[in-house]
C-alpha cells in the first residue's frame with residue numbers, strides 16, 4: 724500500500740471535515756462550564772477549518788488555559804494535515820491541535836489535555852470525534868457520555884477517557 728495520499732482521498736476528507744464544521748458551528752459556545760483551574764505548561768499550534776466560528780472559540784478557550792504560546796493557521800488542505808499527524812478519518816473534527824508530542828483532535832476539554840500531558844502515554848494523540856453539542860466551543864447542552872479516544876502511533880484506537 725502506498726504511503727502517499729491520493730488527491731481523491733484528501734478531497735473527500737476535506738469535504739467531510741468542512742460539512743461537519745458547518746453543521747457543528749451553528750449555535751453558541753460552551754466554554755464556561757469547561758473552565759479548568761490550572762494552566763497547561765505547553766506550546767501549541769491549532770489547525771482550523773476555514774470559516775468555522777467554533778474553531779475560533781475553541782482557540783480562545785485553549786489560549787486561556789495555556790501557560791505557553793498558541794499559534795493558529797488555516798491550512799489549504801486540512802485533511803492532509805490531519806492525515807500527516809495520524810488522525811483517523813472517522814475521528815476527525817473541525818480543528819486539530821499539536822501540543823507537545825501529541826495531536827488533540829476536536830473539542831477536547833482542557834482537563835483531558837492536562838491528563839494527556841501529565842500521564843505522557845506512548846500514543847500519537849487523542850480525539851473527541853465529531854463536534855458534540857455542549858463541548859468546549861460548541862453550543863448546546865451536553866447529553867450522554869462522550870468517549871475521548873487514544874490513537875497509537877500504529878493507528879490503533881482505544882478509549883482514553885469518558886466524560
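Residue numbers (the numbering used here): 724 to 886. Beta carbons are placed, not taken as given, at the ideal position from N, Cα and C, and that holds for glycine. Owing to the predicted nature of the structure, the values given are computational and were not obtained by experimental measurement.
- Counting along the chain, the unbroken alpha helix (DSSP H) around residue 780 starts and ends at 776-787.
- Its chain contains 766, 767, 768, 769, 782, 785, 786 as the residues whose beta carbon lies nearer than 8 angstroms to that of residue 793, once the 5 sequence neighbours on both sides are disregarded; these appear in chain order.
- By the Cβ test, the region 842-855 is not in contact with the region 791-807, since fewer than three Cβ pairs between them sit closer than 8 angstroms.
- Residue burial is scored here from C-beta neighbours: residue 876 has fewer than 16 other C-beta atoms within 10 angstroms and is therefore classed as exposed.
- Secondary structure note for residue 803: its alpha helix (DSSP H) is the uninterrupted segment 801-808.
- In the DSSP assignment, residue 833 falls within the alpha helix (DSSP H) that extends over 833-842.
- Counting the other CB atoms within 10 Å of its CB gives residue 828 a total of 16 or more, which places it among the buried residues.
- Among the bridge pairs identified by DSSP, residue 885 is matched with 870.
- In the structure shown, residue 793 falls within a strand segment according to DSSP collapsed to helix, strand and coil.
- Cβ atoms of residue 818 and residue 771 come within 8 angstroms of each other, at about 5 angstroms.
- Rounded to whole angstroms, the Cβ separation of residue 859 and residue 832 is 6 angstroms, and the two are in contact under 8 angstroms.
- Ranked by how close their Cα comes to the Cα of residue 762, the residues 779, 790, 780 have 790 in first place.
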